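Numbering of the sequence shown is given in our numbering, commencing with residue 1396 and proceeding in unit increments.
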Amino acid sequence: MSLRRRLALLSALAVAFAVLLASGLVYALVRDRLRGDIDNDLRHQADVVTQRAGVVAPLIAGSAPGPVTVGQGAGSFSARTGPPPLPPGVKAKVKAKGKEGTE
1396 MSLRRRLALL
1406 SALAVAFAVL
1416 LASGLVYALV
1426 RDRLRGDIDN
1436 DLRHQADVVT
1446 QRAGVVAPLI
1456 AGSAPGPVTV
1466 GQGAGSFSAR
1476 TGPPPLPPGV
1486 KAKVKAKGKE
1496 GTE
């Protein structure tokens, strides 16, 4: 093999190695950047959903009939059936309205 052929082969291998190394580096940087953007978007969406759930959950919890689990802190829970109790003023109005309807 002549010197000219060996130099051409060596330079071609060097260029191929440089291209391979550069493309691997660019791939790793772009992948990390895209994953970071997606992670940030997902965190933002999770925050929005959590905020909306915090607003809607009290409305839903009081409207569902049947057993309702209420947390008591420190990991203990108790079960309550039926709708939540009415405040005293509303309870008196409901009783008075019921008496009016039966007379």
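Glycine included, C-beta positions come from ideal geometry on N, C-alpha and C. Since the model is a prediction, treat every value here as computed from it, not as a measurement.
Take residue i and list the residues in its own chain whose beta-carbon comes closer than 8 Å to its own, dropping the five residues that flank it on each side.
i: ALA1403; result: none
Can you grab the Cα-Cα spacing for the pair residue i / residue j, in whole Å?
i: ARG1447; j: GLY1419; result: 42 Å
i: ARG1426; j: ASP1432; result: 10 Å
i: ASP1436; j: VAL1443; result: 11 Å
i: SER1406; j: LEU1424; result: 27 Å
i: LEU1408; j: LEU1429; result: 31 Å
i: ASP1434; j: TYR1422; result: 18 Å
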